[in-house]
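Written below as structure tokens is the structure these notes are about.
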Amino acid sequence: GAGTLVVSASRDRAVFMASGMVRPPSGKVYQLWFDDGGTMRSAGLMDPGRTTQAVLMRGAVDGASGVGITVEPAGGSRQPTTTPVALLGMPA
């Protein structure tokens with residue numbers, strides 16, 4: 019699959035656009051995270067039933083150096099419990 023991160027500095031928000039994502043295993047979900055200098059902050063969950071989607075990420079972009087995606091139990095986790103399947107830097 020492929021993913022694109024779109025950031026609006028003026029709105030301090032980000033959207034993650036995914037296409038062709040492999041569905042997560044049953045009972046699991048992709049969770050988005052902001053990387054605040056090594057501390058991961060939850061930015062929301064992707065719909066496990068959709069392989070192509072745009073997700074308005076939860077929370078402010080300011081202070082984040084990048085975005086990570088992990089596979090988590092349905093409902094998400096407070097902190098990542100798996101190694102990220104993707105890491106993206108913030109666009110310039």
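Under this note's numbering, think of the first position of the sequence shown as 19, with each following residue one higher. C-beta: ideal position from N, C-alpha, C; glycine also.
Item: Which of the three DSSP states is assigned to Met35 in this structure?; Value: strand
Item: Could you pull the start and end residues of the beta strand (DSSP E) that Ser60 belongs to?; Value: 57 to 63
Item: Exposed or buried, which one is Asp80 when buried takes at least 16 other CB atoms within 10 Å?; Value: exposed
Item: Considering Gln49, what are the terminal residues of the beta strand (DSSP E) in which it resides?; Value: 46 to 54
Item: Which residues does DSSP pair with Ala104 in a beta bridge?; Value: Ile87
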